[in-house]
Structures are given as structure tokens and as C-alpha cells.
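Here's the structure, in C-alpha cells; my notes come after.
In the numbering used here, the protein residues as written are 1 to 75.
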């Protein structure tokens, strides 16, 4: 099963209309899982009071947040 189908049960917070991870620890755990899924490095970055996942896919910088208890790429 892909990580994008796994539910995110960690606490989240809304920042600028986006649902972000509330804590760095839970974001780091999901960053590790996403890095394995993508086969590359994924880091965490603080935005406002929340945390997002950051990485590069096919040469494009990507940011992921939470949407409906799943990981979603932010535009």
C-alpha cells in the first residue's frame, strides 16, 4: 500500500487554509516514511505554527501537508 493511502492520525493545525502537522516529531516520522516511498530525501519545515514535509520529485521542489487525513501536495 502506498503511503499516500495511509491515514494520518497525528494532531494537525490549520495555517493559511492548509492542514499542517502540529508537531515536529510527527512530521519527521511522516518525512521518513515519505522519503522511503519516493526514494529521496524529505525534510520538515515550519510554516506558521505548523510543520510541512519538503522534498524534490523529478527535479521539482514539493511541499506536502495533510488533507482529509492523507498527505497532499501543496501548490
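Each residue gets a CB set at the ideal place from its N, CA and C atoms; glycine is no exception.
Values in this document were obtained by computation on a predicted structure and should not be read as measured data.
DSSP places residue 42 in the uninterrupted beta strand (DSSP E) bounded by 42-47.
Here the C-alpha atom of residue 17 lies approximately 23 Å from the C-alpha atom of residue 42.
Residue environment analysis places residue 52 among the buried positions, since at least 16 neighbouring C-beta atoms fall within 10 angstroms of its C-beta.
By the CB criterion at 8 Å, residue 70 and residue 21 fall outside the cutoff. Judged by their CB atoms, residue 62 and residue 72 are not nearer to each other than the 8 Å cut-off.
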